[in-house]
Amino acid sequence: TQLLEQSPQFLSIQEGENLTVYCNSSSVFSSLQWYRQEPGEGPVLLVTVVTGGEVKKLKRLTFQFGDARKDSSLHITAAQPGDTGLYLCAGVTSGTYKYIFGTGTRLKVLA
Amino acid sequence: DAGVIQSPRHEVTEMGQEVTLRCKPISGHDYLFWYRQTMMRGLELLIYFNNNVPIDDSGMPEDRFSAKMPNASFSTLKIQPSEPRDSAVYFCASSPPPGYEQYFGPGTRLTVT
Numbered sequence: 001t002q003l004l005e006q007s008p009q010f011l012s013i014q015e016g017e018n019l020t021v022y023c024n025s026s027s028v029f030s031s032l033q034w035y036r037q038e039p040g041e042g043p044v045l046l047v048t049v050v051t052g053g054e055v056k057k058l059k060r061l062t063f064q065f066g067d068a069r070k071d072s073s074l075h076i077t078a079a080q081p082g083d084t085g086l087y088l089c090a091g092v093t094s095g096t097y098k099y100i101f102g103t104g105t106r107l108k109v110l111a
Numbered sequence: 001d002a003g004v005i006q007s008p009r010h011e012v013t014e015m016g017q018e019v020t021l022r023c024k025p026i027s028g029h030d031y032l033f034w035y036r037q038t039m040m041r042g043l044e045l046l047i048y049f050n051n052n053v054p055i056d057d058s059g060m061p062e063d064r065f066s067a068k069m070p071n072a073s074f075s076t077l078k079i080q081p082s083e084p085r086d087s088a089v090y091f092c093a094s095s096p097p098p099g100y101e102q103y104f105g106p107g108t109r110l111t112v113t
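So the sequence lines, in the order shown, correspond to chains A and B.
My numbering puts the first residue of the first sequence at 1, with every later residue one more than the last.
My numbering puts the first residue of the second sequence at 1, with every later residue one more than the last.
Right, here's the structure in full:
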């Protein structure tokens, strides 16, 4: 069974701090995505990474795909209250659209 | 663009009753996914369709669950009979080709008493 473990599970930080969320698996994925979900809503896609070692930036968010395509990280610089939410990683293996979602990281940024 | 539309948003039913959840994908999206989210198990893929054809239903928990997509603009997820352990938020998502950008609906919160 493929599993995607995220750490930490919960994170509460002050506005302006930096943070990193990790997504780890023993499986190799052809692509990996990061989503943010707010209460009462569906997840919203932030980024897709497909190449081992790939780094993508989205304003204050930096995403990295591990060289072996088994892990990924999300780094937020100078967090803001608007970054509060549940962050989910999701991986898919080649030839399928059967997404495996991670266990999630609940982030709270205090003003 | 209206986004993915799901109905109802909330459903409360008694154990043993039939429940039907509905989804209207974004026009032009030819992939449709049904997910279930709980605190214990997180977000789980139940089934996905491509061009109205079910491709992988290995995530459907039991024969009590069934999903259909009669046309490109409508899909249903049916639970019959429902049980308390089916209580969860059910999401529908659609994706344009080649299927790697999922747009999620707002979800249906199902409570089975």
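The beta carbon of each residue, even a glycine, is placed where N, CA and C say it ideally should be.
All values derive from a computational prediction rather than experimental measurement.
DSSP state of residue i mapped onto helix, strand, coil
{"i": "B/Pro84", "result": "helix"}
{"i": "A/Asp71", "result": "strand"}
{"i": "A/Asp83", "result": "helix"}
{"i": "B/Ile79", "result": "strand"}
{"i": "A/Leu45", "result": "strand"}
{"i": "A/Lys59", "result": "coil"}
{"i": "B/Ser73", "result": "coil"}
{"i": "A/Ser27", "result": "coil"}
Interface partners of residue i on chain B, CB under 7 Å
{"i": "A/Lys70", "result": "Those within 7 Å of A/Lys70 in chain B number zero; the least Cβ separation is about 19 Å."}
{"i": "A/Phe101", "result": "Gly42 and Leu43"}
Residue i burial status per 10 Å Cβ neighbour count (16 or more: buried)
{"i": "B/Arg36", "result": "buried"}
{"i": "B/Glu11", "result": "buried"}
{"i": "B/Lys24", "result": "buried"}
{"i": "B/Gly107", "result": "buried"}
{"i": "A/Pro43", "result": "buried"}
{"i": "A/Ala78", "result": "exposed"}
{"i": "A/Ser12", "result": "exposed"}
{"i": "B/Val53", "result": "exposed"}
Neighbour list for residue i in chain A, Cβ cutoff strictly below 9 Å
{"i": "B/Pro106", "result": "Gly40, Glu41 and Gly42"}
{"i": "B/Asp30", "result": "In chain order: nothing, as chain A lies at least about 11 Å away."}
{"i": "B/Glu101", "result": "Gln33, Leu45 and Thr48"}
Neighbour list for residue i in chain B, Cβ cutoff strictly below 8 Å
{"i": "A/Gly52", "result": "The premise fails here: A/Gly52 is roughly 17 Å from chain B at the closest Cβ pair, so nothing lies under 8 Å."}
{"i": "A/Leu74", "result": "Simply none; closest approach about 17 Å."}
Chain B residues whose Cβ lies nearer than 9 Å to that of residue i
{"i": "A/Phe104", "result": "The question names Phe, but residue 104 of chain A is Gly in the sequence shown. By Cβ distance, chain B contributes Gly42 and Leu43."}
{"i": "A/Leu88", "result": "Gly42 and Leu43"}
Chain A contact residues for residue i, given Cβ-Cβ distances below 8 Å
{"i": "B/Asp56", "result": "Thr96, Tyr97 and Lys98"}
{"i": "B/Tyr90", "result": "Result: empty, since nearest Cβ-Cβ is about 10 Å, beyond 8 Å."}
Cβ distance (whole Å) where residue i is taken to contact residue j below 8 Å
{"i": "A/Ser27", "j": "B/Tyr100", "result": "In fact, because the Cβ distance is near 17 Å, the residues do not count as touching under 8 Å."}
{"i": "B/Asp56", "j": "B/Pro97", "result": "Not quite, the Cβ-Cβ distance comes to about 17 Å (not below 8 Å), so this is no contact."}
{"i": "A/Phe65", "j": "A/Thr51", "result": "7 Å"}
### Query
Would you call the segment 4 to 11 of chain A and the segment 19 to 30 of chain A touching, i.e. three or more CB-CB distances under 8 Å?
Verdict: yes, contact present.
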